[in-house]
Every structure is written in C-alpha cells, then in structure tokens.
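Here this note's numbering is used: the first residue of the sequence shown is -18, the next is one more, and so on.
Virtual Cβ for every residue (Gly too), placed ideally from N, Cα, C.
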Amino acid sequence: MGQTLTEKILDDHLVEGELTPGEEIGIEIDQVLTQDTTGTLVWLQFEALDLDEVQTELAAQYCDHQTYQFDFKNTDDHRFLRSAAGTFGAHFSRPGNGICHNVHKENFAAPGKTMLGSDSHTPTPGGLGELAIGAGGLDVAVAMGGGAYYIDMPEVVSVRLEGELPDWATAKDVILELLRRLSVKGGVGKVLEYTGPGVETLTVPERTTITNMGTELGATSSIFPTDEQTEDYLERLGREDEFVEIGPDEDAEYDDEIVVDLSDLEPLIAQPSMPDNVVPVTEVEGVDVEQVMIGSCTNGAYEDILPSAKMLEGRNIDKKTEMIVAPGSKQASEMLAREGWTAEMMAAGVNFSEATCGACIGIGHVPASDSVSLRTFNRNFEGRSGIEDDNVYLCSPEVATAAAIAGEIIDPRNLADELGDLDAPGLEMPDSYIGNSESDLIAPDDAVDDELIKGPNIGDVPLKDPLETEVGGEALLKMEDNITTDHIIPATQDILMYRSNVPKLSEFTLSRVDDTFAQRALDADGGVLVAGENYGQGSSREHAALCPMYLGIETVLAQSFARIHKANLFNFGIVPLTIDEETYEKIEQGDDIEVVDDAAEAVKSGQTEFTIRVNDDWEATGQLDASEREREILAAGGKLSHTKMQHDEG
Ligand code: F3S
-18 MGQTLTEKIL
-8 DDHLVEGELT
2 PGEEIGIEID
12 QVLTQDTTGT
22 LVWLQFEALD
32 LDEVQTELAA
42 QYCDHQTYQF
52 DFKNTDDHRF
62 LRSAAGTFGA
72 HFSRPGNGIC
82 HNVHKENFAA
92 PGKTMLGSDS
102 HTPTPGGLGE
112 LAIGAGGLDV
122 AVAMGGGAYY
132 IDMPEVVSVR
142 LEGELPDWAT
152 AKDVILELLR
162 RLSVKGGVGK
172 VLEYTGPGVE
182 TLTVPERTTI
192 TNMGTELGAT
202 SSIFPTDEQT
212 EDYLERLGRE
222 DEFVEIGPDE
232 DAEYDDEIVV
242 DLSDLEPLIA
252 QPSMPDNVVP
262 VTEVEGVDVE
272 QVMIGSCTNG
282 AYEDILPSAK
292 MLEGRNIDKK
302 TEMIVAPGSK
312 QASEMLAREG
322 WTAEMMAAGV
332 NFSEATCGAC
342 IGIGHVPASD
352 SVSLRTFNRN
362 FEGRSGIEDD
372 NVYLCSPEVA
382 TAAAIAGEII
392 DPRNLADELG
402 DLDAPGLEMP
412 DSYIGNSESD
422 LIAPDDAVDD
432 ELIKGPNIGD
442 VPLKDPLETE
452 VGGEALLKME
462 DNITTDHIIP
472 ATQDILMYRS
482 NVPKLSEFTL
492 SRVDDTFAQR
502 ALDADGGVLV
512 AGENYGQGSS
522 REHAALCPMY
532 LGIETVLAQS
542 FARIHKANLF
552 NFGIVPLTID
562 EETYEKIEQG
572 DDIEVVDDAA
582 EAVKSGQTEF
592 TIRVNDDWEA
602 TGQLDASERE
612 REILAAGGKL
622 SHTKMQHDEG
C-alpha cells in the first residue's frame, strides 16, 4: 500500500514506534522555532542541559508577540533571547522584524523537513511541504537538545480540493469553509493533507493561509504536496536550491476524505466569538464597523496586503472606521513601501503598525467598547482583542477592506456593483522578494553575543535529580475536586510576567487555594500534594508542574488526574499516584506520607501498585499508570534530566 505525504515524512524521521493511528511514535526534528513569550523558558531549560549548541539542523528565535518594550522586562527578555541564540547557535529575529511564522516561511521552511515550534500556529510552513507541529516549550528544548519528539500517530485526512477560486473568494474562505463544516474540534488528532486538482491553482502564500488556520480546527498539522508553485515561490525568494518534489503515492490510503470545490466558495466571515461561527458575508451585511485590521500570521504577507492596497487606490476609507495594517514581516513592509503602496494606503486613511503579533493578543489597537472590529486574523475568542465585550469578526483582506470603504460589513461583490469601478484584485506575487536586513535576522555566525545576558527578571530553571529510593514528606495541602492549572499557577498578567523567573513565579503556586503554601513547601524542603478528582484540569500550562517541582513536591496523590497535567507531572519528575476515595477521605493535611517501596526501582520495573504509609500508622495503595517511556522519564527526574542523561551516556 502506498503512503500519504505525512506518512512519508514521518517514516523518514521515525526513531521509535510504528505508523499506526493512535500508537505513540518518536520522530527526529530538523528545525525548531520559538517566540518571545515561550522562548525564554525554552532557552533556560536548554541551558540546564549543559550543551554547547543546539543539535537540530536549524533553530530560530523570533521576537514577535510583545515587541513594544513598554516595560524593561520585555526588553530584558529580548536581550536574553538574542544572547541565547548567539550563545547556542540559533538564528535571531529582532523585535519588529516580523511574526515567527511569516519570517520562518520566507527564510527557512523547506519541503520534507520536520519542525517543532513553541507556538500553536507552527504548522504554517505546511504550505511548502514541511511537516510542522506546535508543542510545549519543554518539548522544544528537548528537541534542540537532540531528543526525539513523541506524539500519538495522527490520522491522516485527505482534503481534496477541486475547481478554482472565483473572483473575490480567497484562501481564507477555504479554511473558513472547513471551519464552518468541521468546527474547532474537527481536526483533533489529525493531519490534514491537501490533495486533488485544486491544489495546483493555489500559490504558496494562499496555501500557508490555509495551513496556518488548520490550528483553529485543532489539527496536529496541515500539509500540501510540493509542485511548480512551490518551486516558483522558492525561486522568487532566492531559495530554489531548497526545492524538493514530494507528495503522496498514487495508491495512498487516507483515514478519511473531505471534498471542497473551490469554485463553489464565496466570501465568508466568522462571527464573534469563535473561528467556526462562519456564515456568508451576505448574511451579516449592514453591521457598522468601527475598526478594520489587516495582518497577523494568517493574512499579514505582502500578497495579503497588496489586494487591500489595490482596492484602496484613489479612494478613502469611511470616516467612522479606523483601518490599521500590521504587516506580518518587515520584509513585507519594506516591499510595500518601496513600491509606493504604503503611501497609497496612507493617503486613503490607513495607519501602519510595526510587524508584530500585537493586536492579535490584545496588545495595542484594542477596539472601543461594544464596537465591531473586522480582522484578517485567525482567532476571535471573547476578550482576546483586549476588551471583554468585544465583537471581532474574522475574514479575508478583501472583505475587511470592503468594510473599511463602506463603514459597514458588505460583500465585496456588492460593493463592486455599487462602486462600478472596483475590480477583484486577485493574488499577485512579486517578481522577487527582497531579503531581510542582516541586522534584523541575525545568523548564528554573525551573532552579537557569546554568553547569556540575564536581567533581574530571568531566573534559572532547576534540573531535578533522578528519582530517589524514598519518596514522600508532609501532606502540605489537601485539595478538593477539579483543581485547575489556573489554581496551581494563576494566568493573570501580574503573575505571568514572571514566567521566565521560576523562583519568583513559584511563590504564587496554589496561592488561590492557600496563600501560605509556597512558603510552607520551601520551609519543609518539599512534600506531598493531596487532591480529589480531576486534578490539574484546564490549560496545558507547564508551569503548573514546573513550579511545584521547584518547591520540592515529590508526589501528588489524587483520586484522578487530568490527562495533560499528568503528562506534565511526568515531564517534571513528580510521581502522580491515584488513590481511592476512602484513602483520600482519611488523609489529613499535615499527615506524614511515605511511599514504602523503593520508588526508583519500582518505577523502573513497571510496578503499578505502591504502598503508602501514613503517620507510620496505617497503609493504603497508590496506583501508577505510566508507559515505559514515562517511567524512564520519571526515574531520570523529568524530561530534561532524561535528555541530559542520554547525552552524558554518549
Ligand atoms: Fe502571533 Fe496571533 Fe499568529 S499572536 S503567532 S499573529 S496567532
């Protein structure tokens, strides 16, 4: 049986397991990407590995999420990231040089490679045939240290494209159509592989808009085969030598198939406040619009802004509507400026921002209260724009620009009829892309720094020792059911600003449950946590395991664990033991807990039942449900220690 493109790339990089959906596989990673909000911790974790340089073919550090440097902590973070990239051999993209996915696509994404990135829209380069996956910071640090990335083998779904996009329908409408049909959960556990005759009608920039927003479907990744369009794009970038022709075998079998006829598509729009709340634009025409934003990693490329500029040539935007363009990369900005399009848009009433994520995560250009903002971004979750009661719609640059001209939501086809002289701009590629300034995208060989520069808000990440024979301590805190990762480490801005300072952040551990906990844990030199059902539910926040580890927590006894948090406990070397209701009821805060078995031996040998002695008085049983690999990681003291151990062993 032939292979899908996804299977081919995974097969080429497979270090463990078999390509059976649902089975765990380990793959080798060629490239890694980090950004500023996740990158500091990634590099601190990498530093703890004690390696001289990154082990992947390529690593790139971008500063894109928080570029405005309104606080010394941001600027310190950026300087630290530059020094880490220089010290360990990664490319460094300065604040203002652009959004990680745009800059990566323009400079490094290459067919057939695997990439891991600490950002959820990492799959963007799938438009060039790279298999790219978003992951947690720890996984990225481990990959940079040469460790494999482990994942359950996803199902591979063929998204068969037929026909050709009509005027005014765009790549954004392709992905909005998929969101309309499949919902934000439709891609979970799947790689969406684009196939069929419609593929060759789409340019690479259109393909990357689609792969970027595969994340909104919950997909593990999205990928296109490579062809003349890919070769053409790489040629215009001056990177033609990186072209490789790859695609599925003719007799490849997919786990599922979805068919989209491009010729049936029309301008679509996602209404507040979910990316899958999609309707044709005609259904919401007439809604007043106070703000229009063009940009983000989805639609911030030169090819996305140019249609908007053409629509605005010689016109003015409506007086009650503000329009801001935040280019995805400085390269796009520079090209538009050199060709005179920036001036044309400014003359129409548009303002330009530096190339940044910014407004996409509520940093700058926050909409007025109870107003409508049309954005070409990928997410419109309530409050994400920076104001709780926002009304953010997601659409193509063409639909957004039509609204800026009309002052209200309007299908651009109807606006064209009204105006009489508005042509569909279509997609135009530049003859060649000008390069990034060497000062903005700094190659490892040109690095400015060769040692780490840590400001006062950057604290070291501790490496945990291998699991000891004796595990236990005082039951420092007994908690109820449904403790969330938000209870463990609150996600408020005043606390999360310490995300690069684990000692400081740890002071807030479980403060929402008991604000004396962190100090008591430090005084007692660690101990045990006791919880009811569903401990650690909520977000996948790694700090919710890292901070308890820093405070010396050795084991958590809970009636049940949320899946992702349990994986994080393994990753940070904390033993998650399941106890029954009777044991939970009987244990009191302050009790002395001792795991009787030789913990290190028991974990390694595959033992599932552990004897727990309480106050040297009575005994109960704790269950350890872990795979062989999770046991190895736990015994080593967590994932980082495990990676370091593998290096030390040679
Ligand atoms: Fe940045 Fe928004 Fe994309 S935060 S990486 S522009 S999803």
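With a cut-off of 8 Å, the C-beta of residue 254 is classified as distant from ligand 1, since no heavy atom of the ligand falls inside that distance.
Take residue 625, set aside five residues on each side of it, and the residues of its chain with a beta-carbon closer than 6 Å to its own are 30, in chain order.
Spanning the alpha carbons of residue 177 and residue 416 requires a straight line of approximately 33 Å.
Counting C-beta pairs with one atom in each stretch, the stretch 392 to 407 and the stretch 313 to 323 have fewer than three that are closer than 8 Å, which means they do not touch. In the DSSP annotation of this structure, the continuous segment of the beta strand (DSSP E) that includes residue 573 starts and ends at 573 to 576. Proximity of the beta carbon of residue 474 to ligand 1 is not indicated: no heavy atom of the ligand is located closer than 8 Å. Counting only residues of its own chain and dropping the five nearest sequence neighbours on each side, residue 485 has a CB closer than 8 Å to the CB of 438, 440 and 479.
Between the stretch 75 to 82 and the stretch 91 to 110 there are three or more C-beta pairs closer than 8 Å, enough to call the two in contact. Taken from the Cβ of residue 80, at least one heavy atom of ligand 1 lies inside 8 Å. Within the chosen limit of 8 Å, ligand 1 reaches the beta carbon of residue 100 through at least one heavy atom.
A direct Cα-to-Cα measurement between residue 286 and residue 164 gives close to 27 Å. Annotation for residue 234: no alpha helix (DSSP H) segment contains it, and DSSP assigns it neither H nor E. For the stretch 391 to 421, the continuous alpha helix (DSSP H) assignments of 4+ residues that do not extend past its boundaries occur at 393 to 400, in sequence order. In the structure shown, residue 384 falls within a helical segment according to DSSP collapsed to helix, strand and coil. Here the alpha carbon of residue 519 sits roughly 45 Å from the alpha carbon of residue 219.
A Cβ-Cβ distance of about 16 Å is found for the pair residue 44 and residue 25, leaving them out of contact under the 8 Å criterion. One thing to note: residue 553 has its Cβ within 9 Å of the Cβ of residue 529. For residue 455, the uninterrupted beta strand (DSSP E) run begins and ends at 452 to 459, by DSSP. Residue 72 is bridged by DSSP to 41. Annotation for residue 96: the continuous beta strand (DSSP E) segment containing it runs 95 to 98.
Assigned with DSSP and collapsed to three states, residue 302 falls in coil, not helix or strand. Here DSSP, grouped into helix, strand and coil, assigns residue 608 to coil. The Cβ-Cβ distance between residue 425 and residue 283 does not fall below 9 Å.
A direct Cα-Cα distance of roughly 9 Å separates residue 120 from residue 129. Judged by beta-carbon spacing, residue 385 lies within the 9 Å limit of residue 298, meaning their Cβ atoms are closer than that value.
Note that the C-beta distance between residue 196 and residue 361 is not below 9 Å.
Closest option to residue 378, judged by alpha-carbon separation, among 366, 467 and 406: 406. The DSSP-derived three-state label of residue 225 is coil. In summary, residue 149 is buried, with 16 or more beta-carbon neighbours lying within 10 Å of its beta-carbon over all protein chains present. Listed in chain order, the non-local C-beta contacts of residue 587 below 8 Å within the same chain comprise 609 and 612, local neighbours out to five positions each way being set aside. For residue 346, the closest alpha carbon among the candidates 330, 86, 368 and 389 is that of 368. The residue among 5, 64 and 535 with its C-alpha nearest the C-alpha of residue 427 is 64. About 25 Å separates the beta carbons of residue 122 and residue 109, which is beyond the 8 Å limit, so they are not a contact pair. Taking the Cα positions, residue 13 is about 27 Å away from residue 365. Taking C-alpha positions only, residue 154 is separated from residue 246 by approximately 7 Å.
Not one heavy atom of ligand 1 is found less than 8 Å from the C-beta of residue 50.
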